[in-house]
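Participant:
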């Protein structure tokens, strides 16, 4: 393994956050995760993450309502648009995983907390690189299309509170991925793109473990603070997440993460008439 010039996990996390090139960010993150996993990097340390991670010039970031949606079908344009949007989500997910590890390192958290979020960061980097490979196979690349900044913006109200961050990022945003990905997989298969469908299935299955980690540490932190987890989750989501949760929910995958319906169903948007 290449020797990395970091003395602590948080120093390395900040370096990943400050890496502008997306592929290099993902590759550095995977190296850091490997060093942590193999015991080459052992100190947690203390380093302050940036308010915003470094980003490349492309893609152009637009308001969410200005990012065009395209139908998934035989023509490659729709599949490229989908894969590009998902790659952008995974890039943000890389940064969010490293951010939570660095930002809350001073809160006397168990070693297992860092093990989990380093693993999540490693998964997200692997997902991003996998989607970049699929884009290349369709003669495109990450940065070729506009994207939006909604995912990072949704996390920014929670920089002061670990419990709020866990409620919003893994237990709203990532859990939403469990709901919508199976339909994308089916559409890609219907379009004859088995390779992209297979990549999304891997991402979905890994995300179950990410939601599980978020649920586990949310409940751990709630117990440490002496608050009831379900009602606290409801309060935090109402306070820090704009809008209601969108059904239908993938209860099978959420159940695999042991994320019970009592958490999210009371927050669901009413069904359309």
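In our numbering, the protein residues as written are 41 to 313. Think of the CB as a built atom: it goes at the ideal place given N, C-alpha and C, for glycine as much as any other residue.
Does DSSP put residue 167 in a helix, a strand or coil?
Facilitator: Residue state, collapsed to three classes: helix.
Participant: Beta carbon of residue 183, beta carbon of residue 288: below 8 Å?
Facilitator: In this structure, residue 288 does not lie closer than 8 Å to residue 183 by Cβ.
Participant: Compute the Euclidean distance between the alpha carbons of residue 58 and residue 140, then round it to the nearest angstrom.
Facilitator: Looking at the two C-alpha atoms, the distance is approximately 15 Å.
Participant: Less than 8 Å between the CB atoms is what I'm expecting for residue 30 and residue 211, so what's the real figure, rounded?
Facilitator: Beyond the ends of the chain as shown, which are 41 and 313, falls residue 30; an answer cannot be given.
Participant: Rounding to the nearest angstrom, what Cα-Cα distance links residue 171 and residue 236 in this structure?
Facilitator: In a straight line, the C-alpha of residue 171 is about 8 Å away from that of residue 236.
Participant: What residues match up with residue 285 in a beta bridge as DSSP calls it?
Facilitator: Paired residue(s): 308.
Participant: Would you please state the rounded distance, in angstroms, between the beta carbons of residue 65 and residue 72? I believe it to be under 8 Å.
Facilitator: 11 Å between Cβ atoms; not a contact.
Participant: Can you tell me the Cα-Cα spacing of residue 190 and residue 283, whole angstroms?
Facilitator: For residue 190 and residue 283, the distance between alpha carbons rounds to 13 Å.
Participant: Rounded to the nearest angstrom, what separates residue 102 and residue 291 at their Cα positions?
Facilitator: Looking at the two C-alpha atoms, the distance is approximately 32 Å.
Participant: Grab me the residues of residue 216's own chain with a C-beta within less than 8 Å of its C-beta, minus the 5 sequence neighbours each way, in chain order.
Facilitator: Here the set comprises 285, 286.
Participant: Would you report the Cα separation of residue 176 and residue 272, rounded to the nearest angstrom?
Facilitator: Rounded to the nearest angstrom, the two C-alpha atoms are 44 Å apart.
Participant: May I ask you to report which of helix, strand or coil DSSP gives residue 187?
Facilitator: Correct three-state label for residue 187: strand.
Participant: Should the segment 185-204 be regarded as contacting the segment 116-124, the criterion being three or more beta carbon pairs within less than 8 Å?
Facilitator: Yes: the two stretches touch, three or more of their Cβ pairs being nearer than 8 Å.
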